[in-house]
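Contents: one structure, followed by commentary.
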Amino acid sequence: MSELAAPTQSEVPEALRAGREAFVRHAWSEAFEQLTQADAVTTLDGPDLESLAIAAFFAGHADLRVGIAERAFAAYQHEGDVIRAAHTALQIAAVFVLRGKYSVATAWTRRAERLLEGQAESVGVEMCVVAADRAGAF
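Residue numbers for the sequence shown follow our numbering, so the first one is 29 and each next one is one higher.
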């Protein structure tokens with residue numbers, strides 16, 4: 029199977045470019061609107077979905093955050109980025125902790141733990157969160 033070349037700057041939809049720029053400026057509503065438009069016309073990758081989830085939260089659409097973050101998690105897994113997938117899983121777990129849905133939070137934490145098994149020590153912070161969960165801190 030051959031890999032597809034990354035799109036050139038001219039091939040990136042305008043809404044995606046505008047959404048990325050708005051995100052960098054912390055123009056949350058604009059970033060949310062533009063990234064949502066881009067999501068409707070192209071497949072967003074992990075980082076863009078993660079940005080969309082963050083923008084959704086800060087633009088007042090917190091109810092959409094977890095669903096988008098779950099898509100980012102899946103995209104990171106598909107892209108083979110286990111560190112970002114684990115990080116995203118822990119962010120999702122934190123949302124469920126705040127909602128008082130501890131069993132769902134634990135499931136997401138376990139996903140992160142499985143992804144991080146055998147990884148280099150540079151993921152120590154994420155592993156500390158996993159260890160804290162096991163100790164009952166969450």
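Heads up, the beta-carbon is just placed ideally off N, CA and C, and yes, glycines get one too. If you're wondering where the values come from, they're calculated on a predicted model, not measured in any experiment.
Asked                                                                                                                                                                   : Found
Can we count V110 as close to the ligand GDP, meaning its CB is less than 7 Å from some heavy atom?                                                                     : Looking at this structure, you won't find the ligand GDP or any other ligand, since it has none at all.
Counting only the same chain and skipping the five closest in sequence on each side, list residues whose C-beta sits under 6 Å from that of A59.                        : G47, A50, F51 and A83
Within the same chain, show all residues whose beta-carbon is closer than 7 Å to that of L92, passing over the 5 residues directly before and after it, in chain order. : A84
Are the beta-carbon atoms of A100 and L118 separated by less than 8 Å?                                                                                                  : no
I96 and A113: beta carbons closer than 8 Å?                                                                                                                             : no
Once you ignore the five residues that flank F86 on each side, which residues in its own chain have a CB closer than 7 Å to its CB?                                     : W56
So the alpha helix (DSSP H) D73 belongs to, where does it begin and stop?                                                                                               : Element bounds for D73: n/a, residue is neither H nor E.
According to DSSP, is A84 part of a helix, a strand, or is it coil?                                                                                                     : helix
Give me the Cα-Cα distance between V69 and E107, rounded to the nearest whole angstrom.                                                                                 : 20 Å
Within 10 angstroms of its Cβ, does G74 collect 16 or more other Cβ (buried), or is it exposed?                                                                         : buried
Just tell me which of E98, S131 and A90 has its CA closest to the CA of P76.                                                                                            : It is worth fixing the name first, because residue 76 is Asp in this sequence and not Pro. Closest by alpha carbon: E98.
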